[in-house]
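As given, the protein sequences belong to chains A and B, one line each in that order. Using this note's numbering, the letters of the first sequence correspond one by one to residues 1 to 237. Using this note's numbering, the letters of the second sequence correspond one by one to residues 238 to 525. Using N, Cα and C, we set each Cβ at its ideal position, and we do this for glycine too. I have placed the structure first, in the form of structure tokens, so that the comments after it can refer back to it.
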Amino acid sequence: MSQLACENLDLGYEGKTVLSGISFTVNAGDYLCIVGENGSGKSTLMKTVLRLKTPMSGKILHGDGLETNEIGYLPQQTVVQKDFPASVREVVRSGCLGRSGMRSTYSRADKQLAEENMERLGIAPLAKHCYRELSGGQQQRVLLARALCATRKMLLLDEPAAGLDPKATAEMYEWIRKLHADGTTVLMISHDITASVKYASHILHIGKQSALFFGTKSDYLQSEIGRRYADLGGIQT
Amino acid sequence: MMDIWTTLMYSLTFSTVQRALIATPLIALCSSLLGVPLVLKRFSLIGDGLSHVAFGAMAIATVLNLTNSFLLVLPVTILCAILLLRMGQNSKIKGDAAIAMISVGTLAGGYLIMNLFKSSARSSNFSADVCATLFGSNSILTLSTLDVWLCAALSVAVVMFFLLFYHKIFAITFDEDFASATGMNAKVYNLLLAIVIAVVIVLAMKLVGALLISALVIFPALSAMRVFKSFKRVVLCAVIFSVLCALLGIFISIPTGTPVGSTIVAVDIAGFFLFCILGLIKRRRVHP
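See the structure below:
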């Protein structure tokens, strides 16, 4: 049984279909990149997988010990966060809240987990700093640490390198690679075909209205759509 | 100077003034607590909108000759608060437009109703009535003991709510999508927040009136954000700022005879500018 299986999903809003017939599976330890043009519905797909939106039809199944709320999420930055007064520690700890039920304080284990994750991502020295005053790359690492507080099993990343400079982008992908090497399943939305092909084990390519390709990276690079898309990124197939 | 002091001391012997001195800081405390998440969620104007709703409901209550207008005003305001916070998420009319729509609609409606039925209303002094609801006038000095108890009970409830759900309020303010994705029931917390906001606004209307409520909600939060950088400190600072400004406002207004509500707001504004300067100085010391 795979960790996540989507069967024949139809997605859309207000009765308008954006994507239809999406099927794919994610096994433990996979690194799946979801690529496609702007407006093809990648973010809608991601929100559906996170159960923030209900699909118009089709099924999302969880298995292999993955519960519905065990998907960590790295969203794109919102306007609200740009001037939000919060310390790094406050943000990272908030990742633990999904589990805490009605409890009103953090348990010792939660606090410990937050410190560990800040350590893992090298932001422990920034714990008392203000989130809005950090660089873009540092902010992304803070949100990554928060996602890790929610779960270690699966991470969903929505354009993790958006708005970062080339150095910070490379560093970000390297952090994600490390987490994946440590056994976290990764789902990533990306425009960056070069990075997708470099790091992913599987590719889901979404076109207008439907999925154009789903399979392993090597199959993708052999396929016509994969070759055409990879050419744009200047990658040898 | 001596004169003002004696007037103040003398007025403190009145039980009405004493009651106002208990109720005002309590209301200031509640509104500033909620102000922080509201300002951060880009809902600064919800106070304004809801207070106009409360005004409209008050007008209907007056026309209906209800002895306790609270019974009508509170549920109507809560209903609109829920409507507004839900609308903000996904609808064709976006957050700010929805607030503007409900706000002016109920204001106009309330005034219209009061005007149409002014002969049947209890009060013969129509324009003074409207003025009092809009600007609070000196009604804070006419609070009954029951009002003060009600105020105290609701304040305790609001503070309890905030303490119990402090971390959750932080999470849904900072990133609602993440919170719901990782298993928090963000909708329920948003709903609770909406209800508490409505209650606080109906309470605060007695103090500063419908038009000035936003000031009590936004100025403490905005001032605290100039200087402090963690959520916890911003909340604490906003509460202290708000309570001090409210007390100072009342102490100024009693001997000078200025309207209580607008005096408090004026003190809040002065405090805001003070904090802006403090923030600038602080920044300069960190990055010279």
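{"Item": "Residue 289(B) at chain C interface by Cβ criterion, 8 Å", "Value": "Among the chains of the structure shown, chain C does not appear; the protein chains present are A and B."}
{"Item": "Amino acids of chain B, ordered along the chain, whose beta-carbon sits closer than 9 Å to that of residue 99(A)", "Value": "419, 420"}
{"Item": "Residue interval of the beta strand (DSSP E) (run including residue 12(A))", "Value": "4-13"}
{"Item": "Close-in-space but distant-in-sequence residues of the same chain around residue 399(B) (CB under 6 Å, 5 per side omitted)", "Value": "270"}
{"Item": "Collapsed DSSP secondary structure at residue 238(A) in the structure displayed", "Value": "The structure shown does not extend to residue 238(A), since chain A spans only 1 to 237, so no value can be given for it."}
{"Item": "Beta-bridge pairing of residue 202(A) - partner residues as DSSP gives them", "Value": "32(A), 216(A)"}
{"Item": "Beta-carbon separation (whole angstroms), residue 471(B) vs residue 462(B), contact threshold 8 Å", "Value": "6 Å"}
{"Item": "Contact with chain A by residue 462(B), beta-carbon distance below 8 Å", "Value": "yes"}
{"Item": "Distance between residue 206(A) and residue 104(A) (C-alpha atoms, nearest Å)", "Value": "42 Å"}
{"Item": "Any C-beta of chain B under 8 Å from that of residue 86(A)", "Value": "yes"}
{"Item": "DSSP beta-bridge partners of residue 157(A)", "Value": "74(A), 188(A)"}
{"Item": "Nearest candidate by alpha-carbon position, reference residue 286(B), set 419(B), 315(B), 508(B)", "Value": "315(B)"}
{"Item": "Closer than 8 Å to chain B by CB, residue 65(A)", "Value": "no"}
{"Item": "Residue range of the beta strand (DSSP E) that includes residue 519(B)", "Value": "Counting along the chain, residue 519(B) falls outside any beta strand (DSSP E), though it belongs to the alpha helix (DSSP H) covering 497-523."}
{"Item": "For residue 202(A), the nearest candidate out of 214(A), 182(A), 208(A) (CA to CA)", "Value": "214(A)"}
{"Item": "Coarse secondary structure for residue 19(A), derived from DSSP in three states", "Value": "strand"}
{"Item": "Beta-carbon separation (whole angstroms), residue 199(A) vs residue 418(B), contact threshold 8 Å", "Value": "About 23 Å separates the two Cβ atoms, so there is no contact after all."}
{"Item": "Chain B within 8 Å of residue 95(A), Cβ atoms only", "Value": "yes"}
{"Item": "Contacts that residue 324(A) makes with chain B (C-beta to C-beta distance below 8 Å)", "Value": "Chain A is shown from 1 up to 237; residue 324(A) falls before or after that span and cannot be answered."}
{"Item": "Alpha helix (DSSP H) segment containing residue 121(A), residue limits", "Value": "Residue 121(A) -> no alpha helix (DSSP H), and no H or E assigned at all."}
{"Item": "Neighbour-count burial assignment, residue 15(A), 16 or more Cβ in a 10 Å radius", "Value": "exposed"}
{"Item": "Within 9 Å of chain A by C-beta, residues of the stretch 468-482 of chain B in sequence order", "Value": "468, 469, 470, 471"}
{"Item": "Per DSSP, the bridge partner or partners of residue 211(A)", "Value": "206(A)"}
{"Item": "Rounded distance between the beta-carbons of residue 80(A) and residue 127(A), thought under 8 Å", "Value": "With a Cβ gap of about 22 Å, residue 127(A) and residue 80(A) do not count as contacting."}
{"Item": "Distance between beta carbons of residue 290(B) and residue 339(B), contact taken as under 8 Å", "Value": "6 Å"}
{"Item": "Neighbour flag for residue 71(A) against chain B, beta carbons, 8 Å", "Value": "yes"}
{"Item": "Buried versus exposed call for residue 159(A) [16 or more other C-beta atoms within 10 Å across all chains shown]", "Value": "buried"}
{"Item": "Residues of its chain near residue 172(A), where Cβ-Cβ distance is below 7 Å and the 5 sequence neighbours each way are ignored", "Value": "137, 140, 160, 161, 164"}
{"Item": "Helix, strand or coil at residue 61(A) according to DSSP, with G and I counted as helix", "Value": "strand"}
{"Item": "Buried or exposed by the 16-neighbour rule on C-beta atoms within 10 Å, applied to residue 306(B)", "Value": "buried"}
{"Item": "Cβ neighbours of residue 256(B) in the same chain (closer than 6 Å, five flanking residues each side left out)", "Value": "380, 385"}
{"Item": "When 502(B), 468(B), 421(B) are compared against residue 481(B), the one with the closest alpha-carbon", "Value": "502(B)"}
{"Item": "Per DSSP, the bridge partner or partners of residue 238(A)", "Value": "This structure does not reach residue 238(A), given that chain A is present from 1 up to 237, and the question cannot be answered."}
{"Item": "Residues that residue 150(A) contacts on chain B, provided the C-beta gap is smaller than 9 Å", "Value": "415, 418, 419, 420"}
{"Item": "Short CB-CB distance (under 8 Å) between residue 174(A) and chain B", "Value": "no"}
{"Item": "Whether residue 2(A) touches residue 63(A) by CB criterion (8 Å)", "Value": "yes"}
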